[in-house]
Amino acid sequence: MTSTTPVPTSTPTVRTPPLTEPSGWHEIRLTVNGEPVTAPVESRLLLSDFLRDRLGLTGTHVGCEHGVCGACTVLLDGEPVRSCLTLAVQCEGAELRTVESLAPDDAPLTDVQRAFHECHGMQCGFCTPGFLMTTTALTDRPERPGATEVADALSGHLCRCTGYRNIRRSVGRALDETYGECAK
Amino acid sequence: MKPTPFDYTAPRTLTDALALLADEERDAKVIAGGQSLIPMLNMRLARPGLLVDITRIPELGSSHVDAAGALHIGAAVRQHRAEADPAVRAGWPLLAAALAHIGHPQIRRRGTVCGSLAHHDPAAELPTAALALDASFVIAGPRGTRTVPAAEFFVATFQTAVDADEVLTEVVFPAAPGRGWAFEELARRHGDFATVGVAVVLDRAGDAVRSARIVCCGAGPVPVRLHSAEEALIGTSVAPEAVAAAVCAALAGLDPADDVHATATYRRESAAHLLARACTTAWERCS
Chain D
84 MTSTTPVPTS
94 TPTVRTPPLT
104 EPSGWHEIRL
114 TVNGEPVTAP
124 VESRLLLSDF
134 LRDRLGLTGT
144 HVGCEHGVCG
154 ACTVLLDGEP
164 VRSCLTLAVQ
174 CEGAELRTVE
184 SLAPDDAPLT
194 DVQRAFHECH
204 GMQCGFCTPG
214 FLMTTTALTD
224 RPERPGATEV
234 ADALSGHLCR
244 CTGYRNIRRS
254 VGRALDETYG
264 ECAK
Chain S
37 MKPTPFDYTA
47 PRTLTDALAL
57 LADEERDAKV
67 IAGGQSLIPM
77 LNMRLARPGL
87 LVDITRIPEL
97 GSSHVDAAGA
107 LHIGAAVRQH
117 RAEADPAVRA
127 GWPLLAAALA
137 HIGHPQIRRR
147 GTVCGSLAHH
157 DPAAELPTAA
167 LALDASFVIA
177 GPRGTRTVPA
187 AEFFVATFQT
197 AVDADEVLTE
207 VVFPAAPGRG
217 WAFEELARRH
227 GDFATVGVAV
237 VLDRAGDAVR
247 SARIVCCGAG
257 PVPVRLHSAE
267 EALIGTSVAP
277 EAVAAAVCAA
287 LAGLDPADDV
297 HATATYRRES
307 AAHLLARACT
317 TAWERCS
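Sequence lines, in order, name chains D and S. For what it's worth, the working numbering labels the leading residue of the first sequence as 84, then goes sequentially. For what it's worth, the working numbering labels the leading residue of the second sequence as 37, then goes sequentially.
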């Protein structure tokens, strides 16, 4: 699924469905990259597998499946979360953004993507979707986050290639472009 | 790395949740943020028949400070929200500091304060902070609602006073105005569980310590309160000799285990250094 519609910035109205009998299958309704999605899901289906296997959004990478590596990070109602530690059924009414929303189809790269490209913030690219989503959340704030907060956010991602120096430069560049340059 | 099949439901009321938990045949388990439970499901260490998601029960989703100045945090309040709450940062800075050590921001967006407490990993930060801050736990169940003090809440590794048919509905932190505090931990990497950690809360009268609460995590199956170290500090002005006496007293009460992460000797040695630093910092903060 690819989306050409602009990603809504406001939080959508959360539906309040009635109490459903406990069951192994549920129909969930949510928004993925700006598009409404309705799908039957098994209770045990992880959000990461829902995105990749059911919606074909394979940009979200699955590394460790227990919350350590950060490759599967997506934005749930604007906040970065581990999609491997979230059940799809828990996302009823949620607004999700994956890496595919950043530059859909032939759209130009976002500031965050361009910063990673120009500063060589990747080698093999496996961890990159997670870093991009966390960094995108950092650039969606009303104010520039402080250096400690940025380091804390990046500590939630593992990269086994780069040694992080270029990733930190990329994030710094993205923040400079978003908020204007400031004293480091 | 995929969970075994289970049923799921997200009730809107605590009554509905308790009714589901009371049905033994369902083999139900509570889920909130899921940041400890879902890894266990993925690794098939947990195989529940039903997950009861309590995050859509409105009454569990808020935190507030009551008329007596105590902080109430509901069962569905995410760690990130508590950590960013100005009331928490001003009134319970030790709690805010402990929260910042949990996993990573991406984990804390989903994980709940009460979930970490009810899960009770002995190397986790929040149980130690809760004991140091003299928290109490409100537990709802088919036999009614009861309140359990922190000293009785943590029973053993992954075991608390919450029974299988009960829900921890809120944790209450009493007001602690003007107290000195410190939270120090050693972890191999930022965001890991503590190899060992120390929480210190001091109260001061004039130039001397009036009361102290010192708790250590990573040193046993439950957070360890170090009464003898507290006694060694009370009445002193936390001079280096008093700190040394407190550390000696603490080590007499610490009997950590060897495991794959660290030897018992290393844990004791680390705890000694962290405790000395924490006592000094807490004293400076009560000035």
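Just so it is clear, CB atoms sit at the ideal spot from N, CA and C, and this is done for glycine as well. A quick note: this is a predicted structure, and the numbers were derived from the prediction, not measured.
Three-state secondary structure (DSSP) of residue i
i: D132 of chain D; result: helix
i: T231 of chain D; result: helix
i: Y262 of chain D; result: helix
i: P119 of chain D; result: strand
i: C322 of chain S; result: coil
i: R261 of chain S; result: strand
i: L113 of chain D; result: strand
i: R240 of chain S; result: strand
i: V124 of chain D; result: strand
i: R180 of chain D; result: strand
i: L170 of chain D; result: strand
i: G255 of chain D; result: helix
i: L311 of chain S; result: helix
i: S238 of chain D; result: coil
i: S306 of chain S; result: helix
i: A293 of chain S; result: coil
i: L269 of chain S; result: helix
i: C244 of chain D; result: coil
i: A300 of chain S; result: helix
i: P95 of chain D; result: Only weak support exists for where P95 of chain D lies, its pLDDT of 46 falling under 50; the value from the coordinates is given anyway. Looking at P95 of chain D - three-state DSSP - the assignment turns out to be coil, as it is neither helix nor strand.
i: E61 of chain S; result: helix
i: T316 of chain S; result: helix
i: R224 of chain D; result: coil
Residue range of the unbroken alpha helix (DSSP H) whose run includes residue i
i: P212 of chain D; result: 211–221
i: D194 of chain D; result: 194–201
i: L56 of chain S; result: 50–58
i: L287 of chain S; result: 276–288
Exposure label - residue i; buried when at least 16 CB within 10 Å
i: M84 of chain D; result: In this prediction, M84 of chain D has a pLDDT of 44, which is less than 50 and means its spatial position is unreliable; what the coordinates show is noted afterwards. It counts as exposed.
i: S72 of chain S; result: buried
i: D89 of chain S; result: buried
i: P94 of chain S; result: exposed
i: W108 of chain D; result: exposed
i: L192 of chain D; result: exposed
i: C244 of chain D; result: exposed
i: E60 of chain S; result: exposed
i: S184 of chain D; result: buried
i: S323 of chain S; result: exposed
i: R180 of chain D; result: buried
i: P122 of chain S; result: exposed
i: D13 of chain S; result: The structure shown does not extend to residue 13 of chain S, since chain S is modelled only from 37 through 323, so no value can be given for it.
i: A230 of chain D; result: exposed
i: T143 of chain D; result: buried
i: S93 of chain D; result: Residue confidence for S93 of chain D is low, a pLDDT of 47 falling below 50, so the modelled location carries little weight; the figure read from the coordinates is stated next. Exposed, because fewer than 16 other Cβ atoms sit within 10 Å of the Cβ of S93 of chain D.
i: C253 of chain S; result: buried
i: T121 of chain D; result: exposed
i: C25 of chain S; result: Residue 25 of chain S lies beyond the residue range present for chain S, which begins at 37 and ends at 323; the question has no answer from this structure.
i: G277 of chain S; result: Checking the displayed sequence, the identity of residue 277 of chain S turns out to be Glu instead of Gly. Per the 10 Å Cβ criterion, exposed.
i: G139 of chain D; result: exposed
i: R303 of chain S; result: buried
i: G33 of chain S; result: Any question about residue 33 of chain S goes unanswered here, given that chain S covers just 37 to 323.
Range of the contiguous beta strand (DSSP E) that encloses residue i
i: V66 of chain S; result: 64–67
i: G110 of chain S; result: 107–110
i: S247 of chain S; result: 244–253
DSSP beta-bridge partners of residue i
i: H144 of chain D; result: DSSP, once it has assigned bridges, lists no residue as partnering H144 of chain D.
i: P163 of chain D; result: D:L158
i: E175 of chain D; result: Partner(s): none; E175 of chain D has no beta bridge.
i: S106 of chain D; result: S:Y44
i: I250 of chain D; result: Its beta-bridge partners do not exist; DSSP assigns none.
i: V234 of chain S; result: S:E220, S:C252
Residue i CB to nearest heavy atom of the ligand FAD below 6 angstroms
i: L81 of chain S; result: Within the structure as shown, the ligand FAD is missing, as the structure has no ligands at all.
*What are the uninterrupted segments assigned as beta strand (DSSP E) that are 3 or more residues long and contained completely in the region 146–231 of chain S, given in chain order?*
Residue ranges of uninterrupted beta strand (DSSP E) with 3 or more members, entirely inside the region 146–231 of chain S and ordered along the chain, are 172–177, 180–185, 190–192, 203–209, 216–222.
_Length-filtered (3 minimum) beta strand (DSSP E) runs lying within the region 69–145 of chain S_ = Listed in chain order, the complete beta strand (DSSP E) runs (minimum 3 residues) inside the region 69–145 of chain S are 86–89, 99–101, 107–110.
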